[in-house]
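Peer 1: Its first residue numbered 105, the sequence shown is counted upward by one per residue in my numbering. Cβ atoms here follow ideal geometry from the backbone N, Cα and C, with glycine treated the same way. Following this message is one structure expressed as structure tokens.
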Amino acid sequence: MATIEQRITWSELRSRAHGLRLRSLKAGEAGLSMRVTDVLEILPLPYDPEPLPDHATTEEIAEAEREPLDFAEDVLKRHGVRSRPAPGDAGINGVVILRASNRFALQGAIAIAIIALLGAGVASKIGFVLLAPVALVGVWLLWKQTVRLDRFVPRIVPRGRILGALLMIILLGITTLVAVQPARKWMRNRGNVANAVALSVQAEARLTAGDLVGARASVDQALQFAPQLGQVQSISQKLMVAQINANTNAQINGQAAAQAAYDRAEADFAADRWPQAIAAMAALGGFSDAPTRLALIRDTAAVATLKLAERALEASDAHKAFSLYSKAMTYDPAARKQSLIKRIFKALNTNS
105 MATIEQRITW SELRSRAHGL RLRSLKAGEA GLSMRVTDVL EILPLPYDPE
155 PLPDHATTEE IAEAEREPLD FAEDVLKRHG VRSRPAPGDA GINGVVILRA
205 SNRFALQGAI AIAIIALLGA GVASKIGFVL LAPVALVGVW LLWKQTVRLD
255 RFVPRIVPRG RILGALLMII LLGITTLVAV QPARKWMRNR GNVANAVALS
305 VQAEARLTAG DLVGARASVD QALQFAPQLG QVQSISQKLM VAQINANTNA
355 QINGQAAAQA AYDRAEADFA ADRWPQAIAA MAALGGFSDA PTRLALIRDT
405 AAVATLKLAE RALEASDAHK AFSLYSKAMT YDPAARKQSL IKRIFKALNT
455 NS
């Protein structure tokens, strides 16, 4: 009966790779000399390779034979172990030297640092300034303090590029939360205060020049930048007082102008300049008793003009009487006299 080969688990593979790293560390600069067959026995494929086709080419056969060698090299790199020569180059019957190396961790850390610094440089200069030294510290730790890091980093973390990337992410992340974000907020607030102060000075100048509209625009912008700033609050209150005074003066001036127009309308009414009196009083709208006086002026003008129309008719001037009657209706249509207009029409027809 055929037996099914039991593949190594990933956790066991990680444990064995970590063990090789410890052995290579103990070997020192000389490194740990091992046959490639022993490396493959310790770090075998944890999966079944794809079967070769029946008519496989020489290249396909060579690639299939090299797959376990390349896989073992990748596992060694992932755990911070450098092989010289590479298992694939040494061949199945060759010998390799394994040395613990921080090169791969440095590669992972530098890659993350470059990405982070490029992003910080685009987003914020202060972020770049604060993150750059931290990135250098992270590189220094991986370069000079690898042994100490080994003591504190959990065993589950591979000592290759993953270690470097993870360390750099942690260092840069903490720096961003603790230093970069508060510094950016402080700089932003500082800029807002500076803008608010400049706008307050501008508003003060416009207010002094009597430009209330321009001063209001400057104050509104300053309030958006720093609403609690004392200088902004002060100029805002000054502007409010100035606007209240301007509205009060406008109302006083409006009342004075309306009273002057009212007096002129009364003068025109007294002098029998009815069209002028009616137009002036009508323009005053609801001022004082203007509506009542307007109705009186209209009625008085219409009645007086109708009397003139009657006199003209008595003087046998029907055309003048019709003209005066028409004018009276423009003053006040309610004052019409049906009997008078009939007499005027009769006189006009007789004359024709």
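1. What are the boundary residues of the alpha helix (DSSP H) that includes residue 251?
2. Mind checking residue 205: buried by the 16 CB within 10 Å criterion, or exposed?
3. Starting from residue 275 and walking both ways along the beta strand (DSSP E), at which residues does that stretch end?
4. Since residue 136 is in the beta strand (DSSP E), which residue starts that stretch and which ends it?
5. Start and end of the beta strand (DSSP E) containing residue 201?
6. Per DSSP, which one or two residues make a beta bridge with residue 187?
7. Any idea what DSSP makes of residue 314, helix, strand or coil?
8. I'd like the list of long-range same chain contacts for residue 106, defined as Cβ closer than 7 Å, with 5 residues on each side in sequence excluded.
9. Could you give the distance in angstroms between the alpha-carbon of residue 393 and the alpha-carbon of residue 412?
10. Since residue 445 and residue 435 are thought to touch, with beta carbons under 8 Å apart, how far apart are those beta carbons, to the nearest angstrom?
11. For residue 416 and residue 422, I'd like the C-alpha separation in whole angstroms.
12. Given that a residue counts as buried once 16 or more other Cβ atoms are within 10 Å of its Cβ, and exposed if not, what is residue 212?
13. Taking the Cβ atom as the reference point for each residue, do residue 241 and residue 275 lie within a distance shorter than 8 Å?
14. If we call anything under 8 Å between Cβ atoms a contact, is residue 176 one with residue 144?
15. Using C-beta distances below 7 Å, list every residue in its chain close to residue 125, excluding the 5 sequence neighbours before and after it, in chain order.
Peer 2: Let's see:
1. 250 to 256
2. buried
3. Unbroken run through residue 275 is the alpha helix (DSSP H), 265 to 279; no beta strand (DSSP E).
4. 136 to 139
5. 199 to 204
6. 202
7. coil
8. Note that residue 106 scores 38 on pLDDT, short of 50, meaning its location in the model is unreliable; the coordinates nonetheless yield the value given after this. So the list is empty, once near-sequence residues are dropped.
9. 29 Å
10. About 15 Å separates the two Cβ atoms, so there is no contact after all.
11. 7 Å
12. buried
13. yes
14. yes
15. 183, 184, 185, 204, 263
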